[in-house]
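What follows is a set of notes on a single structure, which appears directly below.
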Amino acid sequence: MSISVGIVGVGSFGGQFVPLFRDHPLVGRIALCDIDGARLGRAAKQFEIAETYDSLDAVCRTDLDALVIMTQPWLHAPQAIQALESGKHIYSAVPIISLDSGDEMLEWCDKLISACTRTGQHYMMGETSYYRPQAMYCRRRAAEGAFGHFALAEGEYFHDIDEPSCSLRDVARRRWGSQWDPKKSGGVPMHYPTHSIGGLLSVMQARLTEVTAIGHAYPNDDWFHSDTESGNLFGNETALFQCSNGAAVRICEYRRIGHTGREAFNLFGTEGSFREGVDGSSHWITRHGSTRLTVDEMRDPLPPDVFAALHRGREADDHSVYGGHGGSHAYLVNEFVQSVAEGRAPAINAWEAARYFVPGIVAHQSALRDGERLKIPDWGDPPR
Ligand SMILES: NC(=O)c1ccc[n+]([C@@H]2O[C@H](COP(=O)([O-])OP(=O)(O)OC[C@H]3O[C@@H](n4cnc5c(N)ncnc54)[C@H](O)[C@@H]3O)[C@@H](O)[C@H]2O)c1
274 MSISVGIVGV GSFGGQFVPL FRDHPLVGRI ALCDIDGARL GRAAKQFEIA
324 ETYDSLDAVC RTDLDALVIM TQPWLHAPQA IQALESGKHI YSAVPIISLD
374 SGDEMLEWCD KLISACTRTG QHYMMGETSY YRPQAMYCRR RAAEGAFGHF
424 ALAEGEYFHD IDEPSCSLRD VARRRWGSQW DPKKSGGVPM HYPTHSIGGL
474 LSVMQARLTE VTAIGHAYPN DDWFHSDTES GNLFGNETAL FQCSNGAAVR
524 ICEYRRIGHT GREAFNLFGT EGSFREGVDG SSHWITRHGS TRLTVDEMRD
574 PLPPDVFAAL HRGREADDHS VYGGHGGSHA YLVNEFVQSV AEGRAPAINA
624 WEAARYFVPG IVAHQSALRD GERLKIPDWG DPPR
C-alpha cells in the first residue's frame, strides 16, 4: 500500500526531509506547502515536485493521507490539531510547541492529545534523539536485560547561544523574519528538553514523575534578561528527576556553556552501563571491562528496500543517506511512513511525545521556585 504525504514548511529543516519522504518506497504521491511563495517555488524546482499549496488551509482540504509540519516551533500544536481535524495523520518537528508560558504549553499538550483521541488520527513528534545510533543500541541492550535495573541516567544538550556552526541568535532572527524583535530573545532552555530526555526514556520505557531543578543566570547576559517577552534569566538549567522505574535522571539544558555542541547520554544499570565520551566515542561497560562501539554496530538496519531506495545514485560507502542529527532522519521518516501505511500508532505518538516534553516545562517551574520538588503530569498511554 502506498501513501500520500504533504510537507508543510520547506525552510532549512523541512528541506532536508523532502527527498527522504519523496524517495521512500511506500510514498506514492508527495506535495509541498509553504506560505513563502519564493521558497516554495525553489523547493518544488529543486526536488522536482509538481503538487504545491500556498497555505495550510489549502493543503488540509486535499485528500492527502498525512502532513509533515516543519514550520516555526510556536506554530506546531495549533497547526497539528487543525490538520488532525481535517483527517490527516501528522508528523511534526520538535517540540510539541514552543511558547514563553509553560502553563499554555501544558494546555496545548492536552488539546493535542484530545485531538488524537477525538479524531483517531495519529501524531508523531520527530524527536531525533530517539533514532541516534546510541539510543538504538541501548534499546536493544535494554530489551535483552543487559543493563539490569537502571540506577542513573544522565542526558545533556549543550547548544551555546553563540555556537559558531549554529548561532541561536541567527536561528531566532531567521525564523521570526520581519517580526523579529530583540524582546523575542531569552527563551527557556527547559522548554526544549526533548533531545536530552527523549533518547533516555525511549531506552528505559519509563516516565519522569517528579523534579527539582536549578537555573544558572550568566551575569549581564544580553540574551537571557528581564526585558524580554519571556523575562527568563536562566541560560542554563539543571534538573534532577525521579523516574517511574526508580532511577535518578539528571538532565542539563545549557545555552551558555563554553563547550562544543553536545547531545549525549549516559545510562548506568546494576549489570551494565553505556557512556558517551567527549570525543564522540561510545562504550558498553560492565564490571569486567569496557568495549568501544562503532556507529555501524549501534545502528539498527533500515529495511533493505528503504535503504536501497534512499541510497540510489550514491557511492557504495556514502552513509549520508541516513540524514542529519546522528543519522536519525531516515529512521524518523521510515517509522512515520510505515505507521501510516500499517494504520498503527507511531513510536513517538502524542502520549510519548508529552513524556519527552512536559518534564522540562515543570523543571523550569521548579527552578523558578528555588528547586521546589514538583509532580509531572502524565496523560497515560495511547488507546489500543
Ligand atoms: N533536531 C531537530 O529535531 C531540529 C533541528 C532543527 C529544526 N528543528 C525544527 O524544525 C522546524 C523548522 O525549522 P527551520 O529552521 O526549518 O525553520 P524555518 O523558519 O527555516 O522554516 C519554516 C518554514 O515554515 C513556513 N511556514 C510558516 N507558517 C506556515 C504555514 N502556515 N503554512 C505553510 N508554511 C508555513 C515558513 O514560511 C518557512 O519556510 C522548527 O520547528 C524547529 O524546531 C528540529
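Quick note, the sequence shown lines up with residues 274 to 657 if you use the working numbering. Don't be surprised by glycine CBs; every beta carbon is placed ideally from N, CA and C.
Excluding the 5 residues flanking residue i on each side, which residues of the same chain have their C-beta closer than 6 Å to its C-beta?
{"i": "A627", "result": "C382, W652"}
{"i": "D563", "result": "The residue you asked about is not Asp; residue 563 is Ser in the sequence shown. If we look at S563 and ignore the five residues flanking it on each side, its Cβ neighbours are H556."}
{"i": "N539", "result": "E427, R548"}
{"i": "R529", "result": "Y491, G508, N509"}
Within 8 Å: the Cβ of residue i and any heavy atom of ligand 1?
{"i": "D307", "result": "yes"}
{"i": "L293", "result": "no"}
{"i": "T335", "result": "no"}
{"i": "Q407", "result": "no"}
{"i": "G314", "result": "no"}
{"i": "G287", "result": "yes"}
{"i": "M378", "result": "no"}
{"i": "H598", "result": "yes"}
{"i": "M696", "result": "Here the chain covers residues 274 to 657 and nothing more, so residue 696 does not appear."}
{"i": "H468", "result": "yes"}
{"i": "D647", "result": "It should be pointed out that residue 647 corresponds to Leu in this sequence rather than to Asp. For ligand 1, not one heavy atom lies less than 8 Å from the Cβ of L647."}
{"i": "G550", "result": "no"}
{"i": "V606", "result": "no"}
{"i": "E400", "result": "yes"}
{"i": "M343", "result": "yes"}
{"i": "P462", "result": "no"}
{"i": "G644", "result": "no"}
{"i": "G284", "result": "yes"}
Just tell me which of the options has its CA closest to the CA of residue i.
{"i": "E429", "options": "A311, T533, Y604", "result": "T533"}
{"i": "E417", "options": "D591, P577, V606, E544", "result": "E544"}
{"i": "P406", "options": "Q478, V283, V568", "result": "V568"}
{"i": "D435", "options": "K384, Y527, W624", "result": "Y527"}
{"i": "P577", "options": "L385, M571, H561, V594", "result": "V594"}
{"i": "A582", "options": "R295, V283, Y404", "result": "R295"}
{"i": "Q319", "options": "Q345, S328, P292, P466", "result": "P292"}
{"i": "I276", "options": "G282, P298, G288", "result": "P298"}
{"i": "I369", "options": "T390, T392, R391, T344", "result": "T344"}
{"i": "F423", "options": "L441, A520, R617", "result": "A520"}
{"i": "V278", "options": "V613, M571, P632", "result": "V613"}
{"i": "V551", "options": "V444, R529, H561, E536", "result": "E536"}
{"i": "Y629", "options": "F286, T392, M398, S387", "result": "M398"}
I'd like the list of long-range same chain contacts for residue i, defined as Cβ closer than 8 Å, with 5 residues on each side in sequence excluded.
{"i": "C333", "result": "L340, Q355, A356, S359, K361"}
{"i": "E483", "result": "F514, Q515, R646, L647, K648, I649"}
Could you pull the DSSP bridge partners for residue i from this structure?
{"i": "A671", "result": "With the chain represented from 274 up to 657, any question about residue 671 goes unanswered, as that position is not in the structure."}
{"i": "F246", "result": "Coverage of the chain is limited to positions 274 through 657, which leaves residue 246 absent and any answer about it impossible."}
{"i": "L709", "result": "Nothing can be reported for residue 709, as the shown portion of the chain is limited to 274 through 657."}
{"i": "V300", "result": "I276"}
Throw me the rounded Cβ distance for the residue i and residue j pair, which I believe falls under 8 Å.
{"i": "A479", "j": "S438", "result": "At roughly 33 Å, the Cβ-Cβ gap does not stay under 8 Å, so A479 and S438 are not in contact."}
{"i": "T485", "j": "G644", "result": "5 Å"}
{"i": "I303", "j": "I322", "result": "6 Å"}
{"i": "A317", "j": "L329", "result": "Not confirmed; about 17 Å, so no contact."}
{"i": "G284", "j": "R312", "result": "7 Å"}
Sorted by chain position, which residues of the same chain lie with C-beta nearer than 7 Å to residue i's C-beta, five sequence neighbours on each side aside?
{"i": "P574", "result": "none"}
{"i": "A408", "result": "S402, G472, S475, V476"}
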